[in-house]
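In my numbering, the protein residues as written are 700 to 1021.
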Ligand SMILES: *[C@@H]1O[C@H](CO)[C@@H](O)[C@H](O)[C@H]1NC(C)=O
Ligand SMILES: *[C@@H]1O[C@H](CO)[C@@H](O)[C@H](O)[C@H]1NC(C)=O
């Protein structure tokens, strides 16, 4: 099934001079609490508080949720109490309460009912999950320029994983036709984005990562050549439980999977292109972290924040050479 979806985010004017003329959002992955009371973790709670503070201090128009929204087996149906316990009742900070969330599914979501997560969009004014994969058009205020955020389902593309078994590579798509249709959709959207000043692509699995799961061979094969060819600004993902920035072939790779767990291993350091790793943070004592993105006429600036509020790393990516 080839579905073309267009969702336009209308950027509300945000008060304060530092917030002008930019589209800004927070990107958080692997934030999905636990399946038993209290259905959240201290790290999810502190990350939620810090996201609220960042939304107020730096500005944010929306949140991008990078998957593994509900540990460990997603939700059962659209009335599942986990929507309240792990989402609504956790992300309650004043700066956050009114922001829309744009959601994608991770492997743990696919272990449950993703259709229910899509359907929950009709229950919550802030939960936006219109399809397994979709496209957001972002207009940069004060300019005629636009940016494109393409939201993928990398589990549909590459398959699920057995997190508790040996290895950890996705098993291959369960529905090869659906995977092929998504890839065809992505090619079309990338071609249509040729006039966008920035193009961001997001999915749950990393293309490049130095951590526990490492690079996803399926995405290195399917996605990486497309990202380079279309001069995509950055690829954003979760899955590995830390914060990373890598740069390869002119594309920035943002790993933001520290919303609930934090892991420090760099066991796949030798598996990424030499010199590509620019930043890594996975201190096991850390209370979590996330990324803030700011797109303006001049740059796409990625800031990694710890849940303490500490800025860990910042990088400015140039507009595409159109
Ligand atoms: C998944 O969720 C949808 C929406 O709530 C529901 O209609 C469907 O029955 C659920 N599927 C299963 C297998 O429980
Ligand atoms: C936007 O486009 C319009 C029409 O082409 C032009 O008149 C205007 O100056 C442009 N504004 C900016 C900020 O580039």
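Heads up, the beta-carbon is just placed ideally off N, CA and C, and yes, glycines get one too. The structure displayed is predicted, hence computed values, not measured ones.
Subject >> Residues that residue 1002 bridges to, as DSSP identifies them >> reply: Position 303 of the chain shown holds residue 1002. Answer by DSSP bridge pairing, in chain order: 991, 1013.
Original post:
Just to check, is the beta-carbon of residue 754 closer than 7 Å to a non-hydrogen atom of ligand 1?
Top reply: What you label residue 754 is simply residue 55 of the chain shown in a count that begins at 1. No.
Original post:
Around ligand 1, what residues have a beta-carbon under 7 Å from a heavy atom of it, in chain order?
Top reply: 775, 776, 777, 778, 812, 814, 815, 818
**OP:** Enumerate in chain order the residues of its own chain whose CB-to-CB distance from residue 1019 is below 8 Å, with the five nearest sequence positions on each side excluded.
**Re:** As a position in the chain shown, residue 1019 is number 320, starting the count at 1. Excluding sequence neighbours, residue 1019 sits near 895, 896, 897, 898, 930, 932.
Subject >> CB-CB length for residue 838 against residue 847, believed under 8 Å >> reply: One-based indexing of the chain shown puts residue 838 at position 139. One-based indexing of the chain shown puts residue 847 at position 148. The Cβ separation is near 11 Å, so there is no contact.
Subject >> First and last residue of the uninterrupted beta strand (DSSP E) at residue 662 >> reply: Residue numbering for the chain in the displayed model covers 700 to 1021; residue 662 lies beyond these limits and cannot be assessed.
Original post:
So residue 743 is in the alpha helix (DSSP H); what residue range does that whole segment cover?
Top reply: Numbered from 1 along the chain shown, position 44 holds the residue referred to as residue 743. Segment 741-756, the alpha helix (DSSP H) holding residue 743.
Original post:
In terms of residue numbering, what span does the beta strand (DSSP E) encompassing residue 762 cover?
Top reply: Along the chain shown, read from residue 1 onward, the residue named residue 762 stands at position 63. That run of the beta strand (DSSP E) goes 761-764.
Subject >> beta strand (DSSP E) segment containing residue 848, residue limits >> reply: As a first step, residue 848 must be located in the chain shown, where it is residue number 149. Per DSSP, residue 848 is one residue of the beta strand (DSSP E) stretching across 845-850.
**OP:** Figure out for me which residue from 906, 807, 984 has the closest Cα to the Cα of residue 1022.
**Re:** One cannot answer for residue 1022 here, as it falls past the ends of the chain, which runs 700 to 1021.
Subject >> Beta-carbon spacing of residue 960, residue 1012 below 8 Å >> reply: Within the chain shown, residue 960 is the residue found at index 261, counting from 1. Within the chain shown, residue 1012 is the residue found at index 313, counting from 1. No, Cβ-Cβ distance for residue 960 and residue 1012 is not below 8 Å.
Original post:
Looking at residue 805 and residue 663, is the spacing between their C-beta atoms short of 8 Å?
Top reply: Since the first residue shown for the chain is 700 and the last is 1021, residue 663 is missing from the structure and cannot be characterised.
**OP:** Could you work out which residue in 800, 786, 880, 890 is closest to residue 764 when comparing CA atoms only?
**Re:** Translated into positions along the chain shown, residue 764 becomes position 65. Measuring from the Cα of residue 764, the nearest candidate turns out to be 800.
**OP:** Take the Cβ of residue 955 as the centre, count every other Cβ of all protein chains shown within 10 Å, and call the residue buried at 16 or more, exposed below.
**Re:** Along the chain shown, read from residue 1 onward, the residue named residue 955 stands at position 256. Result: buried.
Original post:
Is the number of C-beta pairs between the stretch 729-748 and the stretch 975-988 that are closer than 8 Å three or more?
Top reply: Verdict: yes, contact present.
**OP:** Run the CB neighbour count on residue 822, radius 10 Å, all protein chains shown included, and call it buried at 16 or more, exposed below.
**Re:** Along the chain shown, read from residue 1 onward, the residue named residue 822 stands at position 123. Classification for residue 822: exposed.
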